[in-house]
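S.K.: Dropping the structure in here first, questions after.
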Amino acid sequence: MSTPALSDLTVGDVIAEAEYALSRDSLVRYAGASGDFNPIHYRDDVAASVGLPGVLAHGMLTMGLAVQPVVDWVGDPGRVVDYQVRFTRPVVVDPADGALVNVVAKVGRIDEDAARIDLTVTFNGETVLGKAQAVVRLES
Amino acid sequence: MSVNPELQGRSYPPTAPYLVGREKVREFARAVFATNPLHHDVEAARAAGYADVVAPPTFPVVVQEHALAQLLADPDGGIDFSRVVHGDQRFSYSRPIVAGDELTATLTVTSVKTLGGHSMVTADALVADAAGEHVVTATSTLVVRGDE
C-alpha cells in the first residue's frame, strides 16, 4: 500500500469512513488493556447510582478507535504525530444491542509536511467528540 | 471540598519506568480496533523501519494514568475523583512508541480554572524514554463537577 501524498489532497476530501460496533465485551476488553477499571464502564447499578443513562464507553476507547480509519488510510501509525479530541457526549452501550459509532475523516488543513484530518464521530446521529483532529506527517 | 487553585504550576516526580511490552501493544491495539499490521507483526514493523511493533496513537494514556494518579492522590489538591469527568485529551509526539521502550511520565499542572461551579484542571504528562529524550506529551483536561 502506498502512502498518500499531500499533493493528492484537497481540503474537504473524505479520506475514510468506518463504523464500529461496541458491545459490553468491548468495554471490558478496553478496561483490561488500558487499566481503566472505573465501574461506570461495566456495571449498570453503579452507572445508575451516579445518575448516568447507562453503562458508558470509555471516552478514551472512543478516541482510540476514531483515529483508526486515519491510520488505515495512511498505512503507518507512526505518521500520526498529533491527535486531540474533546469529549462532548457519552456513548451509552446497551447490554444486548451495544452501540454503533460512526467515523467520517476529512482533510481539514494541508501544511508543508503534514495534513490535519478532522474527524466527525457520531453515535445515534449525534456527535460525541468535538475538535477531533489528527495531524498526519506526509510528503508532498 | 473544592479544587485547590494553587495546584497550577505544580509538578510531580517522574513515574517509575514503564516497559512497553510487545503483547501489551497487541492487546491495546485489539482493544481500540487497531488492525494495522505494524501494531501486531514484528516483521512488518521492522520492514517499515521500526525496532518492534508500534503502539496505537492513544497508547500513552496507559503511562499518563500513572502520572495523573499522583495528582488525584495529592492530599491538598482537593480533587474528588468521583466527580471527575474527562474533558479533553491530546497527544503530541516527537516519535512513535515501540515495544521495548522504557517510558517515564512527568506531570505538571498547567492550568486550574473555575467555571460555573465546575473546575477544569489541565495537566501535561511529558513522556520520555530511557535516554531522557522526549517521546510524547499527553495533555488532559479533567472537569471536576461542583455540588449540584
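Residue numbers (our numbering), protein chains in the order written: chain B, 1 to 140; chain F, 1001 to 1148.
Built from N, CA and C at the ideal position, the CB exists for glycine as well.
It should be emphasised that the depicted structure is a prediction, and the values quoted were computed from it without experimental measurement.
In this structure, does DSSP put residue 127 of chain B in helix, strand or coil?
M.R.: Of the three classes helix, strand and coil, the one that applies to residue 127 of chain B here is strand, per DSSP.
S.K.: Return the residue from the list B:7, B:77, B:63 and B:10 that minimises the CA-CA distance to residue 90 of chain B.
M.R.: The option with the nearest alpha carbon to residue 90 of chain B is B:63.
S.K.: What are the uninterrupted segments assigned as beta strand (DSSP E) that are 3 or more residues long and contained completely in the stretch 1081-1134 of chain F, given in chain order?
M.R.: Taking only runs of at least 3 residues, the beta strand (DSSP E) segments lying wholly in the stretch 1081-1134 of chain F are 1084-1093, 1102-1115 and 1118-1128.
S.K.: Determine the direct distance from the alpha carbon of residue 1107 of chain F to that of residue 1126 of chain F, and round the result to whole angstroms.
M.R.: Approximately 6 Å between the Cα atoms of the pair.
S.K.: How many whole angstroms separate the CB atoms of residue 1009 of chain F and residue 1109 of chain F, which I take to be in contact at a CB cut-off of 8 Å?
M.R.: Contact holds; Cβ gap of about 7 Å.
S.K.: Could you compute how far the alpha carbon of residue 20 of chain B sits from the alpha carbon of residue 1059 of chain F?
M.R.: So the two alpha carbons sit approximately 19 Å from each other.
S.K.: According to DSSP, is residue 139 of chain B part of a helix, a strand, or is it coil?
M.R.: The answer is coil: DSSP assigns residue 139 of chain B none of H, G, I, E or B.
S.K.: Counting only beta-carbon separations shorter than 8 Å, does residue 1048 of chain F have a partner in chain B?
M.R.: True, the Cβ-Cβ gap to chain B drops below 8 Å.
S.K.: Judging by CA-CA distance, which residue of B:80, B:86 and B:97 is the nearest neighbour of residue 1094 of chain F?
M.R.: For residue 1094 of chain F, the nearest C-alpha among the options comes from B:80.
S.K.: Count Cβ pairs between the stretch 1076-1089 of chain F and the stretch 42-61 of chain B that sit closer than 8 Å; are there 3 or more?
M.R.: Touching, per the Cβ criterion.
S.K.: Chain B partners of residue 1092 of chain F, CB-CB under 9 Å?
M.R.: Those within 9 Å of residue 1092 of chain F in chain B are 81, 82, 83, 84 and 135.
S.K.: So, using beta-carbon positions, are residue 1002 of chain F and residue 1119 of chain F closer together than 8 Å?
M.R.: For residue 1002 of chain F and residue 1119 of chain F, yes; Cβs fall inside 8 Å.
S.K.: Quick one: any contact between the stretch 27-38 of chain B and the stretch 104-119 of chain B, if contact means 3 or more CB pairs under 8 Å?
M.R.: Cβ pair count under 8 Å is below three, so no.
S.K.: Given this structure, state the Cα-to-Cα distance separating residue 137 of chain B from residue 70 of chain B, to the nearest angstrom.
M.R.: The alpha-carbon atoms of residue 137 of chain B and residue 70 of chain B are separated by roughly 12 Å.
S.K.: Comparing C-alpha positions only, which one of B:93, B:78, B:109 and B:98 sits nearest to residue 1091 of chain F?
M.R.: Checking every option, the nearest Cα to that of residue 1091 of chain F belongs to B:78.
S.K.: If we ignore side chains and look at the alpha-carbon of each, how far apart do residue 93 of chain B and residue 1063 of chain F end up?
M.R.: Cα to Cα, the separation comes out at about 26 Å.
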